[in-house]
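Residue numbers (my numbering): 5 to 217. Glycine residues also receive a C-beta, built at the ideal position from the N, C-alpha and C atoms. Here the structure comes first, spelled out in structure tokens, and everything after it is commentary.
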């Protein structure tokens, strides 16, 4: 290959070792690549201090919508969003902490009528399904048909998870799945409503900024 073997291994040891562990020698074969989501844009709308419209709720990082990225992600802005906004939110919220009273003797969660979740495979499998749905149908290239199919599939998972949530003892994994389904629903719902291609929201059958009213 055209790259210096020694230099490549020194600069990208993790990539090289991972490829070799999979039986792929990057100097003999092309490295297979696929697009994947690695950063979340949008979320809870906040001001310059990371403060949301809900009292005492601050959000920083990928869960926050700061407006720094615009319609697409700008690489260096993720550092600004994670560090500068976090510092600003910490300073601003620390002043309010002095004025907030905390309730004591909060009762334990009432798990009466529920049972221990023995079928953990139901939770792990549902989480994998959500990941596949979002990756395959709500990825880089979107369409009305893909979004509709994703919405229908997610609705089934939502009903199954709610039934499980109502009858089993609450666990972090179960709550995490519930939150993932909720976030996926919101992403799909808003993507279906936006009939245009803008920024990182690319709709297959709509031209750039072609809004259908």
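7 Å CB neighbourhood of residue i in its chain, flanking five on each side removed
i	result
residue 208	145, 146 and 147
residue 63	47, 48, 50, 54 and 56
residue 104	60
residue 191	142
residue 217	With a pLDDT of 48 at residue 217, under the threshold of 50, the modelled position of this residue cannot be trusted, and the question is left open.
residue 171	118 and 119
residue 35	23 and 28
DSSP beta-bridge partners of residue i
i	result
residue 205	202
residue 107	Answer by DSSP bridge pairing: none, since residue 107 is not bridged.
residue 48	68
residue 141	According to DSSP, residue 141 bridges with nothing at all.
residue 210	Residue 210 pairs with nothing; no bridge assigned.
residue 119	172
residue 55	62
Contacts around residue i, its chain only, beta-carbon distance under 8 Å, and the 5 residues preceding and following it disregarded
i	result
residue 168	121, 126, 127 and 178
residue 134	158, 161, 181, 184, 185 and 188
residue 198	205 and 207
residue 96	53, 54, 55 and 62
residue 21	none
residue 41	138, 139 and 143
residue 90	54, 64 and 65
residue 37	none
residue 151	141, 142, 192, 195 and 196
residue 26	none
residue 43	66, 77 and 82
Cβ-based burial, residue i [other Cβ within 10 Å; buried from 16]
i	result
residue 45	buried
residue 194	exposed
residue 9	exposed
residue 175	exposed
residue 154	buried
residue 33	exposed
residue 149	exposed
residue 6	exposed
residue 100	exposed
residue 73	buried
residue 17	exposed
residue 165	buried
Close beta carbons around residue i, own chain, < 6 Å, minus the five adjacent residues each side
i	result
residue 39	144
residue 30	23
Any non-hydrogen atom of the ligand NAP within 7 Å of residue i CB
i	result
residue 84	Among the components of this structure there are no ligands whatsoever, and the ligand NAP is therefore not found.
Short CB-CB distance (under 8 Å) between residue i and chain C
i	result
residue 40	The question asks about chain C, but that chain is absent: this structure has only one protein chain.
Could you tell me whether the segment 123–142 touches the segment 83–91, where touching means 3 or more Cβ pairs closer than 8 Å? no
Would you mind listing the alpha helix (DSSP H) stretches within the segment 145–195 that are 4+ residues and don't spill past its ends, in chain order? 148–171
Jot down the residue ranges of each uninterrupted alpha helix (DSSP H) in the segment 16–46, minimum 4 residues, whole runs only, in chain order. 17–25
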